[in-house]
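Asker: The structure follows.
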Amino acid sequence: MPEMLDIVDENGVPTGQSVPRTTAHAEGLRHRTSHVWIVRRKNGRVQVLLQMRCAAKDSYPGCYDISSAGHIPAGAEFVGSALRELREELGVTAAPADLHECGLRRFRFEAEFHGKPFKDNQVSKVFCLWLDREAEDFAVQKSEIDYVKWFDLDEAVAAVEQGTIPNCIFPEELGMVKKFVGQTGGGC
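For the sequence shown, position 90 matches number 90 in the numbering used here, and the numbering has no gaps at all.
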């Protein structure tokens with residue numbers, strides 16, 4: 001059975017209609033995702049964990065991306081989906097209270113991947129999670145992720161803005177992470 005997604009309004013509220021994920025991306029129908037940025041303080045600097053998307057991904061294969069992100073299945077909610085994606089993609093078990101909400105993002109884009117048009121129209125809730133764990137200690141989901149790597153947050157922002165690493169990260173979203181870190185004093 002195909003993965004079903006709720007079609008949502010501009011605030012991420014379901015409209016009562018659900019469609020297969022492939023239909024949402026073929027037609028550019030608005031749906032929801034949860035984005036979790038894992039951050040830590042190391043050697044006096046804030047670092048952010050980025051994942052390298054595997055070559056088989058339906059969009060942006062071989063690009064650095066958010067620590068953990070995923071579509072929200074029909075009937076599910078932002079926080080529950082964020083926690084599920086953390087477990088599935090990285091082997092991280094967290095509680096709802098561990099997630100710090102950074103805001104809501106809306107975006108649309110169109111591209112072509114693997115010879116097929118791809119129309120994305122998302123309402124994403126952005127979270128941060130403080131977690132100090134070495135990259136090799138994450139249990140990455142090999143069907144989705146090649147590996148994870150820690151980046152100095154400021155260096156990651158510059159690399160994304162300047163395009164010096166292959167990525168599918170929106171600079172505004174890394175800005176939300178920087179704002180959160182600044183508000184929390186760079187610690188848990």
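All residues carry an ideal CB built from backbone N, CA and C; glycine is no exception.
Is the segment 56-66 touching the segment 109-121, taking contact as three or more C-beta pairs under 8 Å?
Answerer: yes
Asker: How is LEU50 classed by DSSP in three states: helix, strand or coil?
Answerer: strand
Asker: In this structure, does DSSP put GLN141 in helix, strand or coil?
Answerer: coil
Asker: Span of the alpha helix (DSSP H) holding PRO2?
Answerer: Taken as a continuous stretch (DSSP letters only), PRO2 belongs to no alpha helix (DSSP H), as it is neither H nor E.
Asker: Mind checking which residues open and close the beta strand (DSSP E) that includes GLU77?
Answerer: Note, GLU77: premise wrong, no beta strand (DSSP E); not H, not E.
Asker: Are the CB atoms of PHE138 and VAL148 within a distance shorter than 7 Å?
Answerer: In contact: VAL148 and PHE138 (Cβ atoms closer than 7 Å).
Asker: Over the uninterrupted beta strand (DSSP E) stretch that includes GLU101, give me the two end residues.
Answerer: 100-113
Asker: Taking the alpha helix (DSSP H) that ALA24 falls in, what are its first and last residues?
Answerer: Residues 21-27.
Asker: I'd like to know if the segment 150-168 and the segment 60-70 are in contact, where contact means that at least 3 CB-CB pairs between them fall below 8 Å.
Answerer: With a cut-off of 8 Å, the segment 60-70 and the segment 150-168 count as touching, because enough Cβ pairs lie within range.
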